[in-house]
Amino acid sequence: MKIHEYQAKELLRDYGIPVPRGGVASTPEEARGIAEKLAGQAVVKAQIHAGGRGKGGGVKPAASPAQAEAAARSILGMRLVTHQTGPEGKKVRKVLVEEASAVRKELYLGLVVDRSRGKECLAFMASEAGGMDIEQVAATAPEKIVKCAVHPAVGFSLFQARKLSVGLGLDAALGKEFAEIVRNLCRLFMEKDCSLAEINPLAITQEGRLLALDAKITFDDDGLYRHPEIRGLRDPDEEDPLEVAAKNAAVNYIKLDGNVGCMVNGAGLAMTTMDMIMMAGGKPANFLDVGGGASAEQIEKAFGILAADPNVKCILINIFGGVLRCDRVSAGLIQAAGNSEMTLPMVVRLQGTNVEEGQRMLQESGLRFTVAEGLYEAAQKAVALLG
Ligand code: GDP
Ligand code: MN
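The numbering of the sequence shown is numbering that gives the first Met the number 0, which starts it at 0 and goes up by one.
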């Protein structure tokens, strides 16, 4: 789960990491009110779940409360397009208004779960070339990025922070401040079950202090049950509406950009089905696993999610009847197709418990189901139906 910069900064503050003073606003007037309480210059920053806002015009300086109001007026409601949003951009509903800082240098500090070592570790990455071009630094000058692994069972040790700060060329005083930030970021990461925590830029100010000017934190969805306070930070406006509907129906759904809608039980079978569609020359519109014990109602809800995606041109249903018997699947499909006045062509492949009964029900339903026996045959029939 992703959160906004202003929420991430509140967490940093809770963990003793210095962040600028400021507040979040949904209207230009509110933005002005916040700027009035801050001394001097401010920055007004679009809050969306994507980076690259600076380059996309979503970060604006303001020399007065009136300018902060004007900046907020121009940013709020805009569709901000950055290299991370896709060409359709993301609508801005909130801005963060903060005290501007005089920056001497921009550092990068990130912490991720590193799966590349075969055993899971946390990996710190830091660079003295932080700021808006960090992706380019990583691609063209990887030697400017220093790394350090933290084993979750062993935990973090101060010498690791020293290694990073020496790599960044920080002097003793800054190095000490930096080590404190690294230690606290690691504590936050482990206590809150993060999958990514990034401060970019971590600024060295003109006064010679470190300050987190931007923050991005992502949480491991599977750890969220332990953190009701983090779950409360979810912003459904930033999430794909179909994925939100799927979450509410307890169905595993990921939207993709093809046009063959898929409904499968079991993640492995769902992956295989997607491969088969590709092999047959089509492109899956989604990953959808209704789970091993899905009810007729869940099948119906899953069906509704598929049908609501305007890109879907045909639907491939591939169910192995185990716990979930084929006749129950058919009952759910017939009910769903009947209710939603479904006009899309559908290919159904059923195997397993009560398969004959399930197929008979489909054939006698009078609805437009194409029945397939084999997995690849089902994929080919679905692709053929695209016309
Ligand atoms: P991103 O582009 O989405 O990563 O947004 P950031 O929050 O990182 O803002 C982009 C850039 O704006 C930063 O890299 C800084 O260079 C600049 N910036 C943001 N806040 C301040 C500030 O308070 N003072 C100064 N001087 N620059 C800032
Ligand atoms: Mn940034």
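C-beta atoms are modelled at their ideal positions from N, C-alpha and C, and glycine is treated no differently.
If the criterion is Cβ atoms closer than 9 Å, does the pair residue i and residue j meet it?
i: L384; j: V347; result: no
i: Q40; j: A61; result: yes
i: N183; j: Y14; result: yes
i: F123; j: C193; result: no
i: L11; j: L163; result: no
i: Q145; j: L121; result: Checking the displayed sequence, the identity of residue 145 turns out to be Val instead of Gln. Contact flag unset, no.
i: P235; j: M189; result: no
i: T272; j: L315; result: yes
i: L361; j: V311; result: no
i: G292; j: G265; result: no
i: V458; j: A30; result: Past the boundaries of the shown model lies residue 458; the chain is included only from 0 to 386, so the question cannot be answered.
i: I318; j: S364; result: no
i: K191; j: G231; result: no
i: V165; j: G154; result: no
i: C387; j: G357; result: Because the chain here runs from 0 to 386, residue 387 falls outside it and cannot be looked at.
i: L157; j: A178; result: yes
i: I180; j: A140; result: no
i: H48; j: E176; result: no
i: D239; j: M0; result: no
i: Q135; j: C147; result: no
Counting along the chain, where does the beta strand (DSSP E) carrying residue i start and finish?
i: A41; result: A41 to A45
i: V102; result: V102 to D113
i: R92; result: Element bounds for R92: n/a, residue is neither H nor E.
i: K1; result: From DSSP, K1 is part of no beta strand (DSSP E); its letter is neither H nor E.
i: N353; result: Run containing N353: none; DSSP gives neither H nor E here.
i: N251; result: N251 to K254
i: P60; result: V58 to A61
i: V370; result: F368 to A371
i: A125; result: C120 to S126
i: N285; result: N285 to D288
Check the C-beta distance from residue i over to residue j and give it rounded, since I have them as a contact under 8 Å.
i: G321; j: V328; result: Not quite, the Cβ-Cβ distance comes to about 11 Å (not below 8 Å), so this is no contact.
i: L241; j: Y224; result: Not really, about 23 Å apart at Cβ, beyond 8 Å.
i: P64; j: E35; result: 5 Å
i: R307; j: A7; result: Inspection of the sequence shows that residue 307 is occupied by Ala rather than by Arg. About 31 Å separates the two Cβ atoms, so there is no contact after all.
i: C313; j: A381; result: 5 Å
i: I216; j: I2; result: 6 Å
i: A336; j: L366; result: 5 Å
i: L169; j: P17; result: Not a contact, Cβ separation roughly 15 Å.
i: M131; j: G53; result: 5 Å
i: A295; j: G331; result: 4 Å
i: L167; j: E142; result: About 13 Å; that fails the 8 Å criterion.
i: V112; j: A70; result: That belief does not hold up - the Cβ atoms of V112 and A70 are roughly 36 Å apart, past 8 Å.
Quick check on the DSSP output: the alpha helix (DSSP H) that includes residue i runs from which residue to which?
i: Q135; result: I133 to T139
i: R208; result: Run containing R208: none; DSSP gives neither H nor E here.
i: F155; result: Note, F155: premise wrong, no alpha helix (DSSP H); not H, not E.
i: M273; result: A266 to M278
i: P64; result: P64 to I74
i: R186; result: A171 to E190
i: Q83; result: Taken as a continuous stretch (DSSP letters only), Q83 belongs to no alpha helix (DSSP H), as it is neither H nor E.
i: A214; result: Segment A214 to F218 is the beta strand (DSSP E) holding A214; no alpha helix (DSSP H) there.
i: V243; result: P240 to N247
i: K300; result: A295 to A306
i: N317; result: It is not in any alpha helix (DSSP H) - N317 instead sits in the beta strand (DSSP E) that spans C313 to G320.
i: K54; result: R52 to G55
i: D326; result: C325 to N338
i: A49; result: Per DSSP, A49 belongs to no alpha helix (DSSP H) and is neither H nor E.
i: K380; result: L374 to L384
i: K36; result: P27 to K36
i: I229; result: P227 to R230
From the beta carbon of residue i, is the nearest beta carbon of chain B less than 9 Å away?
i: S364; result: This model lacks chain B altogether, as it is built from one protein chain only.
*asked:* If contact is defined by three or more beta carbon pairs under 8 Å, each pair taking one atom from either stretch, is the segment 101-108 in contact with the segment 192-207?
replied: yes
*Is the number of C-beta pairs between the segment 14-23 and the segment 68-85 that are closer than 8 Å three or more?*
no
_Beta carbon shell of the ligand GDP at less than 5 Å from a heavy atom_ = V42, G50, R52, G53, V58, A99, S100, V102, G130, M131, P200, L212 and D213
*Does the pairing of the segment 350-358 with the segment 293-300 give three or more beta-carbon distances under 8 Å?*
no
*Looking at C-beta atoms only, is the number of pairs between the segment 276-288 and the segment 260-267 that lie closer than 8 Å three or more?*
yes
*Take every Cβ of the segment 364-381, pair it with every Cβ of the segment 264-281, and state whether three or more of those distances are shorter than 8 Å.*
Verdict: yes, contact present.
*Does the segment 91-101 touch the segment 200-216, meaning 3 or more C-beta pairs lie closer than 8 Å?*
yes
*Validate contact between the segment 68-75 and the segment 87-94 using beta carbons, cut 8 Å, 3 pairs*: yes
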